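Structure, as C-alpha cells:
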Amino acid sequence: GDLSRDLADTLQRALEVEPGSPVTARRVPADGPRLQDLLDPDAAFEPNVHTGFEFWVPDAENATPEVSASLERANAAAIPTTL
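Position 20 of the sequence shown, counted from 1, bears residue number 21 in this note's numbering, the numbering being contiguous throughout.
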C-alpha cells in the first residue's frame, strides 16, 4: 500500500460526509491522488490547540459523571503540547 494515497482517500471521503460521521475503511484505488497532490504547501496553517479533550463532547461541563471521568483519564494520559 501507499500511505500517502490512503490518507488522501480518507481525507477526500471525510470532506464528503456530514461532520461527526465516520469514514469507513476501504481498499484504496491504486490510481488515486496522493496526499501531497491535495494539500497546498504554501497555504497558511494555523493549528487549533486545545487544553484538553473536552472539545470531543458537546456541553462537556454538564457531562455525566462517567463521561467526565473518561475525559479526566484522557487528559491525564495526553502528552502536553506547546506552540
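Just so you know, even glycine gets a beta-carbon here, dropped at the ideal spot from N, CA and C. Remember, it's a predicted structure, so these values are computed and weren't measured experimentally.
>> Considering just the uninterrupted stretch of the alpha helix (DSSP H) at A75, what are its terminal residues?
In response: If you number the sequence shown from 1, residue 75 lands on position 74. Where A75 is concerned, the enclosing alpha helix (DSSP H) stretches over P66 to A78.
> What separation, rounded to the nearest whole angstrom, lies between the Cα atoms of T82 and V50?
Replying inline: Within the sequence shown, numbered from 1, the residue matching residue 82 stands at position 81. Within the sequence shown, numbered from 1, the residue matching residue 50 stands at position 49. Those two C-alpha atoms are separated by around 8 Å.
>> Taking 7 Å as the threshold (C-beta atoms), are V29 and D10 in contact?
In response: Position 9 of the sequence shown, counting from 1, holds the residue named residue 10. Position 28 of the sequence shown, counting from 1, holds the residue named residue 29. Yes; because the gap between Cβ atoms is below 7 Å, this pair is in contact.
> Does the Cβ-Cβ distance between L36 and S69 come in under 7 Å?
Replying inline: By 1-based counting over the sequence shown, the position of residue 36 is 35. By 1-based counting over the sequence shown, the position of residue 69 is 68. No. Outside cutoff.
> Taking the alpha carbon of A26 as the point to measure from, which residue in D7, D3 and V58 has its own alpha carbon closest?
Replying inline: For this step, residue 26 is matched to residue 25 along the sequence shown. Here the closest residue by C-alpha is D7.
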